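Since the structure comes first, as structure tokens, the remarks are kept for the end.
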Amino acid sequence: MTLQTRLAAGTALAMLMTSTPVAAQVQGQAPDNAALQRQIDELKAQVQALTVALSANKAASPVAVAPAPAGEAAPAALAAAPAPPVATPVSAAPKAKAWYEKLSLRGYTQMRYNAFLSGDDSAPSGQSRLRSVHDGSISDRGGFSLRRARLVLQGDVSDRVSLYLQSDFASAVNNQAGSERREGFVQLRDAYADVFLDDAKSWRVRFGQSKVPFGWENMQSSSNRLTLDRSDAINSAVPSERDLGIVGYYTPPSVQKIWDRLGHDGQKLFGNYGAFGVGVFNGQGTNRTEQNRGLMKVAFATWPFELDGLGDAFEGQVFEIGGSAMMNDVQPELRSGGVSAIAYDDDRVGLHAMLYPQPFGIQAEWNWGKGPEFDLGSQSIETKKLRGGYVQMMYRLPTDSIGALMPYGRWQHYRGGWKASTNAPRLETDEFELGVEWQPWKALEFTFAYARMKRAEADERRTGRAEGDLIRTQVQWNY
Numbered sequence: 021m022t023l024q025t026r027l028a029a030g031t032a033l034a035m036l037m038t039s040t041p042v043a044a045q046v047q048g049q050a051p052d053n054a055a056l057q058r059q060i061d062e063l064k065a066q067v068q069a070l071t072v073a074l075s076a077n078k079a080a081s082p083v084a085v086a087p088a089p090a091g092e093a094a095p096a097a098l099a100a101a102p103a104p105p106v107a108t109p110v111s112a113a114p115k116a117k118a119w120y121e122k123l124s125l126r127g128y129t130q131m132r133y134n135a136f137l138s139g140d141d142s143a144p145s146g147q148s149r150l151r152s153v154h155d156g157s158i159s160d161r162g163g164f165s166l167r168r169a170r171l172v173l174q175g176d177v178s179d180r181v182s183l184y185l186q187s188d189f190a191s192a193v194n195n196q197a198g199s200e201r202r203e204g205f206v207q208l209r210d211a212y213a214d215v216f217l218d219d220a221k222s223w224r225v226r227f228g229q230s231k232v233p234f235g236w237e238n239m240q241s242s243s244n245r246l247t248l249d250r251s252d253a254i255n256s257a258v259p260s261e262r263d264l265g266i267v268g269y270y271t272p273p274s275v276q277k278i279w280d281r282l283g284h285d286g287q288k289l290f291g292n293y294g295a296f297g298v299g300v301f302n303g304q305g306t307n308r309t310e311q312n313r314g315l316m317k318v319a320f321a322t323w324p325f326e327l328d329g330l331g332d333a334f335e336g337q338v339f340e341i342g343g344s345a346m347m348n349d350v351q352p353e354l355r356s357g358g359v360s361a362i363a364y365d366d367d368r369v370g371l372h373a374m375l376y377p378q379p380f381g382i383q384a385e386w387n388w389g390k391g392p393e394f395d396l397g398s399q400s401i402e403t404k405k406l407r408g409g410y411v412q413m414m415y416r417l418p419t420d421s422i423g424a425l426m427p428y429g430r431w432q433h434y435r436g437g438w439k440a441s442t443n444a445p446r447l448e449t450d451e452f453e454l455g456v457e458w459q460p461w462k463a464l465e466f467t468f469a470y471a472r473m474k475r476a477e478a479d480e481r482r483t484g485r486a487e488g489d490l491i492r493t494q495v496q497w498n499y
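Residue 166 in this note's numbering sits at position 146 of the sequence shown; the count goes up by one each step and never skips.
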């Protein structure tokens, strides 16, 4: 029995006792039958009232008073009794979420179609055909292709630990049946945990397979990048952008505040990889077994500056500048089979700068260094100099009627080896791309571009450079 029920019962019993008529006993006289019957009727009415009051209290409602028998008035004490108080429910403490309830699932898919307008889509044996190390669907066969089909699982499993897992369901594998290329294989892209060293989450240490902090464009997600592909020169440092290792990042609150404002404004950021980053990685590349005891050492720094103090023309503008450096020893795959027994120097430095488009913007990167490259004269791999980068201009046009439009133009240049391909062939790239990205809704993006390419094919058995004009298209849906 609850406390309320006990109080109600006690109250009703007390009223019953105080209101019970005392048998009229006149000195020397006994009560008559009519008086006794009247007292019995009153007792029945009070018992009935008590029963109703107890039932009403259980339903958390005021005590009801049963009506007296016909012709009789209810006892005054019972009729005037206040209703028992209703208890205020005590809210239970919210149950803490389990770690798996804090995870989120998201991703994106990119479908492309490339069409040659003119150029060397094919060539005799030993001569370069127009091909790209970034898009295998640029060929004389054409057709649609799935460039990426990514799925990301991420979340904070505790106040100090966050996890990130990404796979690509559109990877290709060669030599499964002779020389036939097979599509649609699943490949691990990211698998890491962030450990935050302070409550503000300004300091973090990342363990696992993740992006190597070299180059601004390399770290920017392909779902967020404006151009269809990364530049040859910057991406040659870390093809596929990832490796297995440990890296530490630091982001001052003042810098994070600027990036948060830019992100809220819809700018295409490079992701939160810190204003400063220092790390060590295996150095062989994504999903490749380490071949030597040496580790890749890498450092990165970037800093945004708000330009509002320069006048009304620069209100809201942000200029960002930074650089990165890498020291590594890498052993490329050989045409004869296996991996090179020689570890080649793979060192470089790079600079980046950008003016975020508000509405006009400029983005540029350049790097210099040395790395493995196949030498035609000696028919062997040697350590040689490399250099290259890109300059990109863009204009941002957000509209309320048709969505966001962002036209752009990019020129890129590269001279150096491509260590991710067999025998580390030399690339000689000069390319101009003019395009526009249209995002009618956040879940859907279209990119249309014209590209004028002049490239050496990434195959040391072919010589010269191929040229061509292409129309390139892509549709991306986000989920």
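All C-beta atoms in this analysis are idealised placements derived from N, C-alpha and C, irrespective of residue type, glycine included.
These numbers were taken from a predicted model, which means no experiment stands behind them.
Per DSSP, Asn244 lies in no alpha helix (DSSP H) segment and is marked neither H nor E.
Collapsing the DSSP output to three states places Thr271 in coil. Excluding residues up to 5 positions away in sequence, Gln311, Asn312, Gly314, Asp349, Val350, Gln351 lie with their Cβ nearer than 8 Å to the Cβ of Ala363 in the same chain. Shown here, Asp252 sits in a helix according to DSSP, grouped into three states. With a 10 Å radius around the Cβ and a threshold of 16 neighbouring Cβ atoms, His284 comes out exposed.
Between the C-alpha atoms of Glu402 and Tyr120 there is a straight-line separation of about 50 Å. The C-alpha of Asp328 is placed about 36 Å away from the C-alpha of Ser256. Here Trp461 is exposed: its Cβ has fewer than 16 other Cβ atoms, across all protein chains shown, within 10 Å. When rounded, the separation of the alpha-carbon atoms in Asn498 and Met131 is 12 Å. Rounded to whole angstroms, Asp176 and Ala118 show a C-alpha spacing of 11 Å. Taking a cut-off of 8 Å on C-beta distances, the segment 199-215 does not touch the segment 418-433, as fewer than three cross pairs fall below it. Per DSSP, reduced to three states, the secondary structure at Asp61 is helical.
If you check the CB distance, Glu451 and Arg481 do not come in under 8 Å. Distance from the Cα of Glu477 is smallest, within the candidate group Leu447, Arg202, Asp141, for Leu447.
Counting of Cβ neighbours within 10 angstroms places Asp263 among the buried residues, the total reaching 16 or more. Rounded to the nearest whole angstrom, the CA to CA distance from Gly408 to Lys122 is 43 Å. Comparing alpha-carbon positions, the option among Gly163, Leu125, Val267 lying closest to Phe136 turns out to be Gly163.
A straight line joining the alpha-carbon of Tyr293 with that of Gly437 spans about 27 Å. Under the criterion of beta carbons closer than 8 Å, Asp188 and Arg170 qualify as touching, at roughly 5 Å. In the three-state reduction of the DSSP assignment, Thr419 falls in the coil class, being assigned neither a helical nor a strand state.
Counting C-beta pairs closer than 8 Å gives three or more between the segment 235-255 and the segment 383-396, which meets the contact rule.
Between Trp323 and Val275 the beta-carbon gap is near 7 Å, inside 8 Å, which marks them as a contact.
Take Ile422, set aside five residues on each side of it, and the residues of its chain with a beta-carbon closer than 7 Å to its own are Pro460, in chain order. For Ala321, the closest of Gly305, Leu464, Gln432, Ala373 by C-alpha to C-alpha distance is Ala373. The criterion of a C-beta distance shorter than 8 Å is not satisfied by Thr449 and Leu248.
The beta carbon of Gly139 is closer than 8 Å to those of Leu150, Met473, Ala486, Glu487, Gly488, Asp489, Leu490 in its chain, skipping five residues each way along the sequence. Cβ-Cβ distances below 6 Å link Lys405 to Lys390 in the same chain, with the five nearest sequence neighbours on each side left out; the list follows chain order. Beta-bridge partners assigned by DSSP to Ser356: none are found. Under DSSP, the beta-bridge partners assigned to Val172 are Arg126, Gln186. Take the alpha-carbon of Gln59 and the one of Val67: they are about 13 Å apart. Annotation: Arg313 is outside any beta strand (DSSP E) and is labelled neither H nor E by DSSP. Taking all protein chains shown into account, Thr483 has fewer than 16 neighbouring C-beta atoms within 10 Å of its C-beta and is therefore exposed.
Counted as a single uninterrupted DSSP element, the stretch harbouring Lys221 is not any beta strand (DSSP E), since DSSP gives it neither H nor E. By the C-beta density criterion, Asp420 is exposed, having fewer than 16 other C-beta atoms within 10 angstroms. Judged by their CB atoms, Asp218 and Arg226 are not nearer to each other than the 8 Å cut-off. With respect to the 8 Å criterion, Phe394 and Asn443 are classified as neighbours on the basis of their beta carbons.
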